[in-house]
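Protein chains in written order, with the working numbering: chain Z, 1 to 186; chain D, 1 to 186. Built from N, CA and C at the ideal position, the CB exists for glycine as well. Note that the structure is predicted; figures quoted are calculated from it, not measured.
Protein chains: 2
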Amino acid sequence: MAAARRTAQAHGYSGLNFRDLAADVGIRAPSIYHHFPSKADLGAAVAKRYWEDTAAELEAMSSECADPLRCLQAYPSIFRRSLESGNRLCLCSFMSAEYDDLPVEVQKEVQAFGDVNVAWLSRTLVAAGLVGREESEARARSIFAAVAGAQLMARSRSDISLFDALIDGYRAAGLLPGGKKASRRS
Amino acid sequence: MAAARRTAQAHGYSGLNFRDLAADVGIRAPSIYHHFPSKADLGAAVAKRYWEDTAAELEAMSSECADPLRCLQAYPSIFRRSLESGNRLCLCSFMSAEYDDLPVEVQKEVQAFGDVNVAWLSRTLVAAGLVGREESEARARSIFAAVAGAQLMARSRSDISLFDALIDGYRAAGLLPGGKKASRRS
DNA sequence: CGCAGTCTACCAAGTGTTAGGTAGGCTGCA
DNA sequence: TGCAGCCTACCTAACACTTGGTAGACTGCG
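This is the structure we're talking about:
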């Protein structure tokens, strides 16, 4: 299933296929049907596990460093890690692109990923005292979308430093907290 | 070829297929080979035409309204239009997701689209006096990525008003020029 | 036994692509 | 004028291959 996730992050839901996936795991394609009744179920399971893991990671981040501002500054690193690991995309960004061709059960999980991220960001923005409760969700959505966009662009150039630059740009513009010095020079 | 563009904006390069495409145009699949030697060439041609059209549209925008600030405020509308027209994505955002599976000739055109957008944004930002020449390209890239991300998110909810909200969020945060009143309250 | 997990052997659809042929239009020469 | 030669645009038929999915049999463990 980790194999499925990796493939999906690189080639999307449509890039998932039973033969290759089975080979990765060391079994034959039809055996997969013992674990998932259909490709749609497999996809949904992968996507669900993905946002669950992300949610756990975000939660860990929140409890590890007490300062919510630090958490926010670290947030893009989650997306950065995908790029580091074979120039992969956030699974759900990819699936957002494929959205129209996705089975409904997969679509649901994709949306859940967004919800998880926005909820965490929103909470953390408020905790950091950066925005009021009223505007926090809107701001959270903007941040989420912007970071996803940065990941997409960086991937199409296979250039992680471009991702960093884009994030710096967001900080310089004030969308993300933190960067003042890093933005101007170098 | 316009049909190919529409399909690619909804289903990506991998979603393009000769049979359906031919049917749309009213001919048979193999006849396409009279016009394009391969799927890769077709894809490249579609992508190239896409960024050329976009470049022309941007140029028209620049000359139509003399005020570069207005141009910048209108910029997201280009991406909005794709969503309006059948919840479609910017062709090149989609292809950025598929990047690893794209033939090189198509990859080049995808990058060219980004270059065109960033160049225009950069130029216009400077003309509007919003940033210095040194930082303009970085800011342009950030804007481009953020708007693309907003489009992606809005699509996955089939909700154009979410796109508008995200753009508003960018304005409120200071990434895009324009919104002051809309940002603070409500 | 019964069942979980895997296998081999298929299948129907759908993919990009090739081969070979036809219809009609233009050009230039006798 | 007539006709050869070449052109573009399209056709049908088939290719080799990949896709998700099914049927039915085997194995080993409780």
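Classification of residue i by the beta-carbon crowding that lies within 10 angstroms, buried from 16 upward
| i | result |
| --- | --- |
| H11 of chain D | buried |
| Y13 of chain D | buried |
| E59 of chain Z | exposed |
| Y33 of chain D | exposed |
| E84 of chain Z | exposed |
| M1 of chain D | exposed |
| D168 of chain D | buried |
| S183 of chain D | Model confidence at S183 of chain D stands at a pLDDT of 35, short of 50, so the residue's coordinates are unreliable and nothing is read from them. |
| V147 of chain D | buried |
| I27 of chain D | exposed |
| R19 of chain Z | exposed |
| C65 of chain D | exposed |
| P76 of chain D | buried |
| G114 of chain Z | buried |
| K181 of chain D | Unreliable placement is indicated for K181 of chain D, whose pLDDT of 39 sits below 50; the coordinate value is still reported in the next sentence. K181 of chain D is exposed by the Cβ-count criterion. |
| G43 of chain D | buried |
| A29 of chain D | exposed |
| A56 of chain Z | exposed |
| A165 of chain Z | buried |
| A23 of chain D | exposed |
Closest residue to residue i among the options (Cα-Cα distance)
| i | options | result |
| --- | --- | --- |
| D101 of chain Z | D:T7, D:M1, D:A2 | D:T7 |
| I78 of chain D | D:G129, D:N117, D:V106 | D:N117 |
| C90 of chain Z | Z:A150, Z:A22, Z:E105 | Z:A150 |
| R155 of chain Z | D:P103, D:Q111, D:N17, D:A165 | D:Q111 |
| A47 of chain Z | Z:E105, Z:P68, Z:N17, Z:I160 | Z:E105 |
| Q207 of chain D | D:A44, D:S142, D:T124 | Chain D is shown only over 1 to 186; residue 207 of chain D falls outside these bounds and no answer can be derived. |
| E98 of chain Z | D:Q9, D:S38, D:A44, D:R5 | D:Q9 |
| D53 of chain Z | Z:I160, Z:A172, Z:E109 | Z:E109 |
| S62 of chain Z | Z:W120, Z:K39, Z:D41, Z:A40 | Z:W120 |
| L21 of chain Z | Z:A3, Z:G174, Z:C92, Z:S38 | Z:A3 |
| R157 of chain D | Z:Y170, Z:L16, Z:S96 | Z:S96 |
| G174 of chain Z | D:D159, D:S161, D:L16, D:S142 | D:S142 |
| V25 of chain Z | Z:R5, Z:Y170, Z:W51 | Z:R5 |
| D159 of chain D | D:S31, D:G86, D:F144, D:C92 | D:G86 |
Chain Z contact for residue i (CB, 8 Å cutoff)
| i | result |
| --- | --- |
| Q9 of chain D | no |
| R6 of chain D | no |
| G15 of chain D | yes |
| S85 of chain D | no |
| F79 of chain D | no |
| L166 of chain D | yes |
| F94 of chain D | yes |
| S156 of chain D | yes |
| D100 of chain D | yes |
| A97 of chain D | yes |
| R139 of chain D | yes |
| L91 of chain D | no |
| G198 of chain D | There is no way to answer for residue 198 of chain D, as the model of chain D reaches only from 1 to 186. |
Beta-carbon proximity list for residue i, same chain, < 8 Å, skipping 5 on both sides
| i | result |
| --- | --- |
| D132 of chain D | In the sequence as displayed, the identity of residue 132 of chain D is Gly instead of Asp. The residues are V126. |
| R49 of chain D | M1, R5 |
Nonlocal neighbours in the same chain, by C-beta distance under 7 Å from residue i, ignoring five residues either side
| i | result |
| --- | --- |
| L130 of chain D | P177 |
| F163 of chain Z | R80, L83, A150, Q151, A154 |
| L69 of chain D | A128, P177 |
| C71 of chain D | M61, S62, C65, T124 |
| S161 of chain D | none |
Within-8 Å CB hit, residue i to chain D
| i | result |
| --- | --- |
| V110 of chain Z | yes |
| E105 of chain Z | no |
| M153 of chain Z | yes |
| G169 of chain Z | yes |
| D150 of chain Z | Inspection of the sequence shows that residue 150 of chain Z is occupied by Ala rather than by Asp. With 8 Å as the cut-off, A150 of chain Z counts as an interface residue toward chain D. |
| S122 of chain Z | no |
| S142 of chain Z | yes |
| L130 of chain Z | no |
| A146 of chain Z | yes |
| L175 of chain Z | yes |
| G114 of chain Z | yes |
| R19 of chain Z | no |
| L125 of chain Z | no |
Nonlocal neighbours in the same chain, by C-beta distance under 6 Å from residue i, ignoring five residues either side
| i | result |
| --- | --- |
| S122 of chain D | S136, E137, A140 |
| F94 of chain Z | G12 |
| P103 of chain D | A40 |
| R88 of chain Z | Q9, A10, S82 |
| W51 of chain Z | A112, F113, V116 |
| C92 of chain D | V110, F113 |
| F36 of chain D | L42 |
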